[in-house]
Amino acid sequence: MRTPGENPDPGRNADPGENPSPGSGRNAPATTSGLAFAWQSVRARRAGFVASFLAVLGGAVLVTACGVLLQSGLFAGIAPQRYAAAPIVVGAAQSVTAVDPEGPDLVETLPERAMLPAELVETIAAVPGVRSATGEISFPATLLTEDGRPVPAPSGHEVLGHGWGSAELTPYTLREGAAPRGDGEVVLDAATAGRAGAGVGSTVRIATADGAVPYRVVGVAAARGADGLPRQSALFFTDDRARALSGHPREVVAVAVVADPGVRTAAPAGLAWLSTFTDDTLTRRVTDALEKEGYGTDRAVVRAGVERGEVEFLGAAQSRSVLTLVSSSFSGFVLMIVLLVVAGTLSLVVHQRRREIALLRAVAATPRQIHRMLATEVQLVAGAAALLGVAPGYLAAQALRDGFARIGVIEEGFTLSLGPVPAVVAVLLCLGTARLAVWAAARRQVRIGPVAALRESTVERPDIGRGRIAGGYVVLGLAAVALVAVAFVPQNLATLPAVLCSMLALIAAAMLGPRLMAALARIAGAGLLRHFRVSGYLAAANSAAGSRRLAAAVTPLALTIGFASSQFYSQTTLSEATQYQARQATVAPYVVTGPGGVAPDVAAAARSVPGVTAATPLVATEVVAVERTLLDEPLSRSRAYGVDAEGLRGTLDLPVAEGTLDDLRGDTVALSETEALYLRKGIGDRVNLALGDGTRVKPRVVAVFRPNLGFGDVLLPAATVVPHTTDRLADTVLVATAPDANGAAVAEALGALSADHPGLAVGDRTALQAAQDAQTRSQDWLNRLLLAVILGYVALSSATTLVTTTTARTRELALLRLSGGTRAQIARMLTAETTFLAATAAVLGTVTAALPLAVLSFRLTTNPLPAGPPWVFAAIVATVVLTALLAIRIPAGRVLRAHPLEAMRAQS
Numbered sequence: 035m036r037t038p039g040e041n042p043d044p045g046r047n048a049d050p051g052e053n054p055s056p057g058s059g060r061n062a063p064a065t066t067s068g069l070a071f072a073w074q075s076v077r078a079r080r081a082g083f084v085a086s087f088l089a090v091l092g093g094a095v096l097v098t099a100c101g102v103l104l105q106s107g108l109f110a111g112i113a114p115q116r117y118a119a120a121p122i123v124v125g126a127a128q129s130v131t132a133v134d135p136e137g138p139d140l141v142e143t144l145p146e147r148a149m150l151p152a153e154l155v156e157t158i159a160a161v162p163g164v165r166s167a168t169g170e171i172s173f174p175a176t177l178l179t180e181d182g183r184p185v186p187a188p189s190g191h192e193v194l195g196h197g198w199g200s201a202e203l204t205p206y207t208l209r210e211g212a213a214p215r216g217d218g219e220v221v222l223d224a225a226t227a228g229r230a231g232a233g234v235g236s237t238v239r240i241a242t243a244d245g246a247v248p249y250r251v252v253g254v255a256a257a258r259g260a261d262g263l264p265r266q267s268a269l270f271f272t273d274d275r276a277r278a279l280s281g282h283p284r285e286v287v288a289v290a291v292v293a294d295p296g297v298r299t300a301a302p303a304g305l306a307w308l309s310t311f312t313d314d315t316l317t318r319r320v321t322d323a324l325e326k327e328g329y330g331t332d333r334a335v336v337r338a339g340v341e342r343g344e345v346e347f348l349g350a351a352q353s354r355s356v357l358t359l360v361s362s363s364f365s366g367f368v369l370m371i372v373l374l375v376v377a378g379t380l381s382l383v384v385h386q387r388r389r390e391i392a393l394l395r396a397v398a399a400t401p402r403q404i405h406r407m408l409a410t411e412v413q414l415v416a417g418a419a420a421l422l423g424v425a426p427g428y429l430a431a432q433a434l435r436d437g438f439a440r441i442g443v444i445e446e447g448f449t450l451s452l453g454p455v456p457a458v459v460a461v462l463l464c465l466g467t468a469r470l471a472v473w474a475a476a477r478r479q480v481r482i483g484p485v486a487a488l489r490e491s492t493v494e495r496p497d498i499g500r501g502r503i504a505g506g507y508v509v510l511g512l513a514a515v516a517l518v519a520v521a522f523v524p525q526n527l528a529t530l531p532a533v534l535c536s537m538l539a540l541i542a543a544a545m546l547g548p549r550l551m552a553a554l555a556r557i558a559g560a561g562l563l564r565h566f567r568v569s570g571y572l573a574a575a576n577s578a579a580g581s582r583r584l585a586a587a588v589t590p591l592a593l594t595i596g597f598a599s600s601q602f603y604s605q606t607t608l609s610e611a612t613q614y615q616a617r618q619a620t621v622a623p624y625v626v627t628g629p630g631g632v633a634p635d636v637a638a639a640a641r642s643v644p645g646v647t648a649a650t651p652l653v654a655t656e657v658v659a660v661e662r663t664l665l666d667e668p669l670s671r672s673r674a675y676g677v678d679a680e681g682l683r684g685t686l687d688l689p690v691a692e693g694t695l696d697d698l699r700g701d702t703v704a705l706s707e708t709e710a711l712y713l714r715k716g717i718g719d720r721v722n723l724a725l726g727d728g729t730r731v732k733p734r735v736v737a738v739f740r741p742n743l744g745f746g747d748v749l750l751p752a753a754t755v756v757p758h759t760t761d762r763l764a765d766t767v768l769v770a771t772a773p774d775a776n777g778a779a780v781a782e783a784l785g786a787l788s789a790d791h792p793g794l795a796v797g798d799r800t801a802l803q804a805a806q807d808a809q810t811r812s813q814d815w816l817n818r819l820l821l822a823v824i825l826g827y828v829a830l831s832s833a834t835t836l837v838t839t840t841t842a843r844t845r846e847l848a849l850l851r852l853s854g855g856t857r858a859q860i861a862r863m864l865t866a867e868t869t870f871l872a873a874t875a876a877v878l879g880t881v882t883a884a885l886p887l888a889v890l891s892f893r894l895t896t897n898p899l900p901a902g903p904p905w906v907f908a909a910i911v912a913t914v915v916l917t918a919l920l921a922i923r924i925p926a927g928r929v930l931r932a933h934p935l936e937a938m939r940a941q942s
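So the mapping is simple: our numbering equals the position in the sequence shown, first residue as 1, plus 34.
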């Protein structure tokens, strides 16, 4: 077969599929005519290419969005606000690093603010080229109204206290009044003063970890060009008072550096790596000076430009690493889904053109020519779709960034790095994916002989390969192994095998789909005959004979139901189990909470209340075990709580397997059985831990307790944990009373503690909200957000595939009309087929999700019914069923309205 315009030299027995040489004068006309021929073919079959076009379009949108997010994770950040006037900012490394000589170092981020020694301010100030170095003091504080209510920060962000000596770093300047001179004086930023209704001469109360104290407002300050900063409110004390209130009098949060005139502070943006080889930037000099003091990059960071935001905002550096990790892993998942969806749609296109391909083979067309013809057509469609998907991809990246910030995965204000690279990569990947997919889809059609190809173009092959059958049963066996694993893995990891079981079962169903659909069609045939008579017979026969087509339609619908249900309800079940187990272990009749936390001395004050027998603070944090684990990992991050051993009796009932929690004092630690096994530690062993702010401790194991999702895997003395948290506050205080205590009197006395600690609330144990791991909670929402994106893409592709499949049956439906079938009979047949298809997808998706979820729920809560609102499942199923119904009935109705002969002529 020769494309029009191709004219091989006479007398030469040339391969019709051979490409002309680059220097041949025939090359341009042949290529041009080939493209024109392909374009005419696409226009003639545009209905068949719709599904492929939309699949590639959606894939380009997703790949571009992932590329933008990945690029932003590598090169973007949060613009500084508090340190806007300081060209260089030095901060403590917010991570724990384990050196790996055989690969990249392993890093775990810290949840609390790490500090620097105040002595480093003088070290940095002595560096040549430094005009000034200012140590920043910063700590959480709460400004209270006259009736004790907190004055909110802008958009729910932080209120921070500082020393007046660092006001110039923004800079803040006095709008009225004077700078603070005494311990009882404070300066408010203008925005905060306006919200509090305070001015110079007013008296306000400010609560910190040391309690609520009255201060006199001596001044009102404003940031450059604004009343305050958009992400934080500022309260300024004297430097001495700020150091005392911070709880870290010999440490600073950061060191802000101002350079001498003419000194270059850092390498140009995008060329920061040059500072590794040159010493003429101030950033390099400061880094060298810190390394001489023993503060290398694993202990201190020197930032300039937009990277200063990493020091100012605790979650900025984590936002970059999380965004890089999420976007890279999500990109791989997206590419896999795009490949599967595009391959499925192109396989459908090739399947519908079996007769055409068989006829071309019969008239001596070579496999190479057919591959080239299909590739050219697909590249035209995929190229147009990919180019159209680039611009929406950038908008999708913006939307995902906003969604990530809203659920707490990244900091608000994180800017994206926009450039052409993600768009170019997305177009190339989509074109490559389409080319590979059409080659794979057409491989069998062009490999078999012409006679066999003509036979298969008329009658669908009922069998599937032995390798596919064996693979399906192997995957099904792996799903059974994952189901058993749900009952044995640690509780906090049980959701992983549960979701994996559902996915493996769905993959097995897809691999065995034609056999499974044929069997189900035969079983359902009786029911279809009973309800639809003649139409039911035709529907059952069509479903059994077209088992491949039915499996291709059912699989993505069942995947949507099973995957969405297992992902959503596994997370809701885990969250409910965390609360359930926390309530089960809490035996204290009273729980004291406060806005943002409770001062540690509230527990001591509660013990003095008549009728109270014990009180313990609960201080939630995270620790990193710097130990070789059971899996030979050098770092292990765990959720931890600080408690008071003297107050545990009557407040917290955690069953102990070994040792006793009464010994949890001083340099000691208690581990859950899971954590002890993972770290290979027992009673009397020492554990090398990094606390929330990176401080290293090596406590002795005094107890091993039964796992409890509500209280983490590590218990430490509260006195050890509190000084190493950012706010130095407890999350709650548990209070136990004597059996004969007057409950009303105790509750009233506990409530009276709010006179010194405004905002305290007293509730019972049912009000306890376990402080869940913030990273896990954000990860849950992240999974749901990304799941929604993927499922939306899959649902769209499924709908277009069903439309294309139904449209391709025009000839079949027209022949039924010409054989005497009425529109009503054929409509009833399609209704029966759609009912069977939707019911099969719903049952298959529900079963593959319900079984592992039931085992998971029973394992975590002793109740086999998964937690979560049932309407979500109903909405998922209803959406899938409605998608199938509309995607089949609408194009079928259009086909049935046309005259049969006209419909057959149009398809031909």
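Cβ coordinates follow ideal geometry from the N, Cα and C atoms, glycine included.
For serine 267, the enclosing beta strand (DSSP E) stretches over residues 266-271. The residues Ala513, Thr882, in chain order, have a CB closer than 6 Å to that of alanine 539 in the same chain once the five nearest residues on each side in sequence are set aside.
Taking the Cα of proline 162 as reference, the smallest distance to any Cα among Gly231, Asp294, Val221 is reached at Asp294. In this chain, valine 756 is not harboured by any beta strand (DSSP E), its DSSP state being neither H nor E. Each residue's CA atom was taken as its position, placing alanine 926 and threonine 834 some 13 Å apart. Boundaries for histidine 933: no beta strand (DSSP E) harbours it, and the DSSP string shows neither H nor E there.
Phenylalanine 347 sits close to arginine 265, with the two beta carbons spaced by under 9 Å. Secondary structure note for tyrosine 675: its beta strand (DSSP E) is the uninterrupted segment 670-677. In this chain, the alpha helix (DSSP H) harbouring valine 424 covers 401-440.
Listed in chain order, the beta strand (DSSP E) runs fully inside the segment 320-344 are 334-338, counting runs of at least 3 residues.
In the structure shown, the three-state DSSP call for alanine 212 is coil. In this structure, the straight-line span from the alpha carbon of phenylalanine 364 to that of threonine 627 is close to 38 Å. Considering only Lys732, Leu414, Ala679, the residue with the shortest C-alpha distance to serine 86 is Leu414. At least 9 Å separates the beta-carbon of alanine 457 from that of threonine 917. A straight line joining the alpha-carbon of glycine 296 with that of threonine 315 spans about 11 Å. Per the coordinates, the alpha-carbon of proline 751 lies some 12 Å from the alpha-carbon of valine 731. The beta carbon of glycine 343 sits closer than 7 Å to the beta carbons of Gly111, Ile112, Ala113, Pro114, Ala350 from its chain, once the five residues preceding and following it are set aside; these are given in chain order. A distance below 7 Å between beta-carbons, with the five flanking residues on each side excluded, links leucine 144 to the following residues of its chain, in chain order: Gln128, Ser129, Val130, Gly726, Asp727, Gly728. Taking one beta carbon from each stretch, the segment 395-412 and the segment 424-434 have fewer than 3 pairs nearer than 8 Å; the two do not touch. By the 16-neighbour rule on beta-carbons within 10 angstroms, leucine 462 is exposed.
In this structure, DSSP gives phenylalanine 892 a helical state, which the three-state scheme calls helix. For isoleucine 240, no alpha helix (DSSP H) encloses it; the enclosing beta strand (DSSP E) starts and ends at 237-242. The alpha carbon of tyrosine 827 has as its nearest neighbour, out of Ala598, Val767, Val658, Arg641, the alpha carbon of Ala598. Using a Cβ-Cβ distance cut-off of 8 Å, the segment 900-917 and the segment 542-557 are not in contact, since fewer than three pairs of beta carbons, one from each stretch, lie closer than that value. Contact between the segment 611-631 and the segment 842-850 is absent: fewer than three C-beta pairs spanning the two stretches fall below 8 Å. In the DSSP assignment, aspartate 635 falls outside any beta strand (DSSP E) and lies within the alpha helix (DSSP H) extending over 635-641. DSSP places serine 451 in the coil class of the three-state scheme, outside both helix and strand. Annotation for proline 651: the continuous beta strand (DSSP E) segment containing it runs 646-659. In the displayed model, isoleucine 503 falls within a helix according to three-state DSSP. Here arginine 851 has Pro934 as same chain residues with Cβ atoms under 6 Å from its own Cβ, once five neighbours each way along the sequence are excluded. Shortest Cα-Cα distance from phenylalanine 448 to any of Phe907, Leu69, Pro886, Gly107 involves Gly107. From the listed residues Thr594, Pro205, Ala611, the smallest Cα separation to valine 914 is found for Thr594. No residue range can be given for leucine 664, since it is assigned to no beta strand (DSSP E) and is classified by DSSP as neither H nor E. With a minimum length of 4 residues, the unbroken runs of alpha helix (DSSP H) contained wholly in the segment 816-869 fall at 844-852. Exclusion of the five residues before and after tyrosine 507 leaves no residue of its chain whose Cβ lies closer than 6 Å to its Cβ.
Taking the Cα of leucine 723 as reference, the smallest distance to any Cα among Gly700, Leu682, Glu656, Asn776 is reached at Glu656.
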